[in-house]
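Numbering (the numbering used here), first residue to last: 5 to 284.
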């Protein structure tokens with residue numbers, strides 16, 4: 005079955021959620037992945053159930069559905085009080101996702117701190133992910149930490165080391181090889197074969213590398229570019245995803261410059277629809 009295509013609403017950060025949904029529908033997307041953060045782009049963590057119902061109705065009236073809820077709650081905090089606060093936030097996000105009709109809640113992993121040993125960070129992440137899996141199962145939602153730089157899980161290897169042995173039907177990953185161009189790069193087709201069943205959502209974007217500065221190693225230098233122009237070869241990645249049986253969402257997260265949001269969304273919807281066509 006061909007994947008459905010979704011738009012991550014952060015790409016429409018300068019317009020309202022209503023306008024983002026309209027643009028996504030006009031461009032030909034199947035769904036939207038709604039961003040939740042305190043800055044109000046596009047909903048806040050204190051959203052009421054009544055407002056979430058209104059959002060779901062608005063999305064469905066546009067002919068779309070909510071594929072996921074993207075939050076910024078973190079798994080792996082070392083401080084117990086901070087960790088409890090993050091878990092409480094995730095618990096509420098699961099409730100909101102259910103009201104929205106979303107199947108996925110995206111979270112982040114915490115970042116490394118040089119004051120703590122790697123194994124301390126790893127143990128905290130794994131303990132909290134086990135608790136999150138239990139909460140997610142009760143809610144009937146899949147929780148997906150995102151492969152992301154500046155976090156515990158920037159590379160596929162880190163993802164596996166952090167998660168191996170925690171297999172759970174309500175836990176997965178947002179596979180984002182575009183993020184790994186800047187930190188955690190491994191050959192993309194190898195990443196897919198490593199992560200396999202952990203991949204529950206795919207962020208589609210691209211980056212091109214650039215010349216850097218000596219000693220500046222937190223992130224490899226580079227810039228955003230159109231999905232068909234960067235380091236990643238998305239047809240190859242799609243073929244690898246097909247080989248592992250992936251049929252989840254292809255989610256647009258393209259930060260390249262376009263003349264307008266309407267042009268950007270239409271270009272990405274067409275690209276993703278063509279990519280999904282490789283599934284036959």
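Cβ atoms here follow ideal geometry from the backbone N, Cα and C, with glycine treated the same way.
Considering only DSSP beta bridges, list what residue i is partnered with.
i           : result
residue 136 : Bridge partners of residue 136: none, in fact.
residue 73  : 38, 109
residue 254 : 9, 206
residue 229 : 210
residue 79  : 113
residue 147 : 109, 175
Using only the alpha-carbon positions, how far apart do residue i and residue j sit?
i           : j           : result
residue 104 : residue 213 : 38 Å
residue 135 : residue 274 : 39 Å
residue 19  : residue 259 : 15 Å
residue 225 : residue 66  : 39 Å
residue 183 : residue 16  : 19 Å
residue 63  : residue 12  : 13 Å
residue 5   : residue 250 : 9 Å
residue 50  : residue 41  : 9 Å
residue 283 : residue 119 : 46 Å
residue 203 : residue 179 : 6 Å
residue 78  : residue 150 : 10 Å
residue 131 : residue 87  : 11 Å
Does the Cβ of residue i lie closer than 6 Å to at least one heavy atom of the ligand GDP?
i          : result
residue 41 : As for the ligand GDP, it is missing from this structure, which has no ligand bound.
Helix or strand or just coil, what does DSSP make of residue i?
i           : result
residue 267 : helix
residue 183 : helix
residue 10  : strand
residue 64  : helix
residue 178 : strand
residue 246 : helix
residue 45  : coil
residue 235 : coil
residue 85  : helix
residue 50  : coil
To the nearest whole angstrom, what separates the beta carbons of residue i and residue j, a pair I think is in contact under 8 Å?
i           : j           : result
residue 161 : residue 115 : Not quite, the Cβ-Cβ distance comes to about 17 Å (not below 8 Å), so this is no contact.
residue 205 : residue 229 : 22 Å between Cβ atoms; not a contact.
residue 35  : residue 269 : Between residue 269 and residue 35 the Cβ distance is about 13 Å, and since that is not below 8 Å, they are no contact.
Are residue i and residue j closer than 7 Å when you measure CB to CB?
i           : j           : result
residue 138 : residue 176 : no
residue 73  : residue 106 : yes
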